[in-house]
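**Q** Chains as they are written, first to last, in UniProt numbering: chain A, 1 to 162; chain B, 1 to 132.
Every residue gets a Cβ at the ideal spot worked out from N, C-alpha and C, and that includes glycine.
Here you go, one structure.
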Amino acid sequence: MRRLFPHPGLTLLLVVMWMLVLNELSVGGFLLGLFFGTLVPLFTAPFWPERPPVRYGWPLIAYGLLVIGDIIVANFQVARLILFCRNRDLRSCWLSIPLDLQSAEAFTVLAGTISLTPGTVSADISTDGRHLLVHALDTSDPEAEVARIKARYERRLMEIFR
Amino acid sequence: MAAILDFVIAFLIVLGGAFALIGSWGLARLPALMSRLHGPTKATTLGVGGCLIASMLYFPSHGMSWSAHELLITLFLFITAPISANMIAKACIHGRHVYGDAVAKYEVPLPRPPHPDAEWATFGSTEAAKPE
Numbered sequence: 001m002r003r004l005f006p007h008p009g010l011t012l013l014l015v016v017m018w019m020l021v022l023n024e025l026s027v028g029g030f031l032l033g034l035f036f037g038t039l040v041p042l043f044t045a046p047f048w049p050e051r052p053p054v055r056y057g058w059p060l061i062a063y064g065l066l067v068i069g070d071i072i073v074a075n076f077q078v079a080r081l082i083l084f085c086r087n088r089d090l091r092s093c094w095l096s097i098p099l100d101l102q103s104a105e106a107f108t109v110l111a112g113t114i115s116l117t118p119g120t121v122s123a124d125i126s127t128d129g130r131h132l133l134v135h136a137l138d139t140s141d142p143e144a145e146v147a148r149i150k151a152r153y154e155r156r157l158m159e160i161f162r
Numbered sequence: 001m002a003a004i005l006d007f008v009i010a011f012l013i014v015l016g017g018a019f020a021l022i023g024s025w026g027l028a029r030l031p032a033l034m035s036r037l038h039g040p041t042k043a044t045t046l047g048v049g050g051c052l053i054a055s056m057l058y059f060p061s062h063g064m065s066w067s068a069h070e071l072l073i074t075l076f077l078f079i080t081a082p083i084s085a086n087m088i089a090k091a092c093i094h095g096r097h098v099y100g101d102a103v104a105k106y107e108v109p110l111p112r113p114p115h116p117d118a119e120w121a122t123f124g125s126t127e128a129a130k131p132e
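Laid out in structure tokens, this is it:
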């Protein structure tokens, strides 16, 4: 079972996406999706020698909902900045966030989350993989912003990628 | 019931359109490249998201079949938007490093990574970081 499906999460994702592209529930579509879902992880398995154990469960769903909520709230904040804030009043700054996460996949998810929530864009990672470079559009207190990102997103990701 | 649904759909379309407009306006008026990046990342999330949810509500309520493609559009946007923003940010960092601060009049200076031996990954290693 493990040899046939080296990456069960990817197999599931491919099957679900194939069904969504087809836009109908049919046995033939499911079988073809399962065919691709089996072949693609088998052929791409050499690209990820060390797979981090991801826990597909309630923490992952809760994290997704939290990010969607934050995106909506932050959209309104940035819209207010763009419409009503003068350029010289913007306090843009770079944040370097110390990372406690271990795997590259976890870094990617954290960086993607930071970029998707408006107001912050992740720009780079340090060569030793211990710090993430983030640009913030307007912050009164960079230290507090770093602490907020660590407490809100990184701590939850630590539970998902362990 | 249909009238309420139409109100919700209209509200979502106007909301999405307004956010796409504000995002583009931010792209035009913000002062520096890095702060300009914040405008488009916003348009892709709530701007497109509002229009897609409206589309998912509109077609079933008007007798046409429900389509799952909106979910896929959202998924692909959420995967690609941070990556393109990251590429532009890397190009910005690199450009400033090569051409100096002349290209970055309004930019905030880039901090060093806190660890002394480390460098930002755009520059690869500490030896390769210095331009001629």
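Check F161/A in the structure and name its three-state DSSP category.
**A** F161/A: strand per DSSP, three-state reduction.
**Q** Report the residues of the stretch 68 to 88 of chain A with a CB closer than 7 Å to any CB of chain B, ordered along the chain.
**A** Against chain B - using a Cβ distance shorter than 7 Å - the residues of the stretch 68 to 88 of chain A are I71, I72, N75, V78, A79, I82, L83, N87.
**Q** Do three or more CB pairs link the stretch 71 to 78 of chain B to the stretch 46 to 55 of chain B at distances below 8 Å?
**A** Enough Cβ pairs lie closer than 8 Å, so yes.
**Q** Of the choices L32/A, A74/A, L157/A, C85/A, whose alpha-carbon is the least far from that of G47/B?
**A** Nearest C-alpha to G47/B: A74/A.
**Q** Quick one: grab the DSSP three-state call for C85/A.
**A** Correct three-state label for C85/A: coil.
**Q** Using 10 angstroms around the beta-carbon of G37/A, count the other beta-carbons present and answer buried if the total reaches 16, otherwise exposed.
**A** Classification of G37/A: buried, given that the 10 Å Cβ count is 16 or more.
**Q** For the stretch 24 to 48 of chain B, which residues have a CB atom closer than 8 Å to at least one CB atom of chain A, in sequence order?
**A** Going along the stretch 24 to 48 of chain B in chain order, one finds W25, G26, R29, L30, P31, A32, M34, S35, L37, H38, G39, T41, K42, T45, L46 with a Cβ nearer than 8 Å to chain A.
**Q** In terms of alpha-carbon separation, which member of W120/B, A81/B, A85/B, V14/B lies closest to I97/A?
**A** Looking at the Cα atoms, W120/B is the closest of the given residues.
**Q** If L71/B sits next to L90/A, beta carbons under 8 Å apart, how far is it from one beta carbon to the other, in whole angstroms?
**A** Contact flag wrong, Cβ pair sits at about 35 Å.
**Q** Is S122/A helix, strand or coil by DSSP?
**A** Strand at S122/A.
**Q** Would you please verify whether the beta carbon of P82/B is less than 9 Å from any beta carbon of chain A?
**A** Yes, P82/B lies at the interface with chain A (some Cβ there is under 9 Å from its Cβ).
**Q** Pull up the DSSP beta-bridge partners for V134/A, would you.
**A** The partner list for V134/A (beta bridge, DSSP) reads L95/A, S122/A.
**Q** Going by C-alpha distance, which of H69/B, I88/B, C92/B, P60/B is nearest I9/B?
**A** Ranking H69/B, I88/B, C92/B, P60/B by Cα distance to I9/B puts P60/B first.
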